Amino acid sequence: MDTTQRTDQQRSADRRRRELLEAADRVVLRDGPQASMNAIAAEAGITKPILYRHFGDKGGLYAALAKRHTDALLNSLRAALDAPAERRERVESTLDTYLAAIEAAPQVYRFLMHPAEGTQGGDHGFDVGRNSVPLLRRMGEELAQVIEERVDLGPGSQQLARVWGHGIVGMMHAAGDWWLGEQPCSRAELVRSLADLLWGRLAAAGDRAGGPGF
Numbered sequence: 005m006d007t008t009q010r011t012d013q014q015r016s017a018d019r020r021r022r023e024l025l026e027a028a029d030r031v032v033l034r035d036g037p038q039a040s041m042n043a044i045a046a047e048a049g050i051t052k053p054i055l056y057r058h059f060g061d062k063g064g065l066y067a068a069l070a071k072r073h074t075d076a077l078l079n080s081l082r083a084a085l086d087a088p089a090e091r092r093e094r095v096e097s098t099l100d101t102y103l104a105a106i107e108a109a110p111q112v113y114r115f116l117m118h119p120a121e122g123t124q125g126g127d128h129g130f131d132v133g134r135n136s137v138p139l140l141r142r143m144g145e146e147l148a149q150v151i152e153e154r155v156d157l158g159p160g161s162q163q164l165a166r167v168w169g170h171g172i173v174g175m176m177h178a179a180g181d182w183w184l185g186e187q188p189c190s191r192a193e194l195v196r197s198l199a200d201l202l203w204g205r206l207a208a209a210g211d212r213a214g215g216p217g218f
């Protein structure tokens, strides 16, 4: 098999994988945590063994969907952090970007962060609880890197940036989960309250010399 043929086959496999993930997304948007391999295979017009062939098992499909949505969310968060605005405005914009994302697609959020209850079509729900922690860890590390690059935290800055990164992600996740479930206040009110909680130390820290600024 020559290189051109292998490349064409890889492109075809990648395209088919994207099509299957789009079918899975449609089921997740409809069913949330109750999304099953049976329903996803039916949506894609294939049998479940073919779905397993592409992703290995439910965990493999979950991981692919999680990466797809986490990548998109992180791109949006980076854009908010890079916006030409004052620091307080960018802090609020970043918080709002996260909350707006989970508000716009609550079923996707619940699929990614909450285990399914019960079964659907004879297929047990995804073991989401086993996988949601790595997603939050990834977000925490990404935010830690941004903080370390942009904010002068003095001695021990790398460790402190990781503390801040994971702490902020944990706060956003816990507060957002509560807010999405109960809707006790407007999104804008929640953003202001969370920004107030963060602002004291962030306001006092200077920009890192030579960094992109924060």
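Final position of the sequence shown in the numbering used here is 218; the numbers increase by one with none missing. Even glycine gets a Cβ: it sits at the ideal position worked out from N, Cα and C. Computed from a prediction, not measured in an experiment: that's the story for all the values here.
Those residues which DSSP pairs with residue i across a bridge
i, result
"aspartate 156", "Gly210"
Residue i, DSSP secondary structure in three states
i, result
"alanine 109", "coil"
"glutamate 23", "helix"
"serine 136", "helix"
"threonine 101", "helix"
"threonine 51", "coil"
"alanine 192", "helix"
"glycine 144", "helix"
For residue i, the first and last residue of its enclosing alpha helix (DSSP H)
i, result
"glutamate 47", "41–48"
"aspartate 75", "62–86"
"glutamine 163", "161–186"
Cβ distance (whole Å) where residue i is taken to contact residue j below 8 Å
i, j, result
"threonine 74", "arginine 166", "Not quite, the Cβ-Cβ distance comes to about 18 Å (not below 8 Å), so this is no contact."
"valine 137", "valine 32", "The Cβ separation is near 19 Å, so there is no contact."
"leucine 25", "arginine 92", "About 37 Å; that fails the 8 Å criterion."
"leucine 147", "glycine 169", "4 Å"
"alanine 70", "leucine 103", "That belief does not hold up - the Cβ atoms of alanine 70 and leucine 103 are roughly 19 Å apart, past 8 Å."
"leucine 1", "threonine 98", "Because the chain in this structure spans residues 5 to 218, residue 1 falls outside the shown range and cannot be described."
"proline 37", "arginine 94", "Contact doesn't hold; Cβ gap of about 33 Å is too wide."
Beta-carbon proximity check, residue i vs residue j, cutoff 7 Å
i, j, result
"arginine 154", "glycine 214", "no"
"alanine 199", "glutamate 96", "yes"
"alanine 46", "alanine 27", "no"
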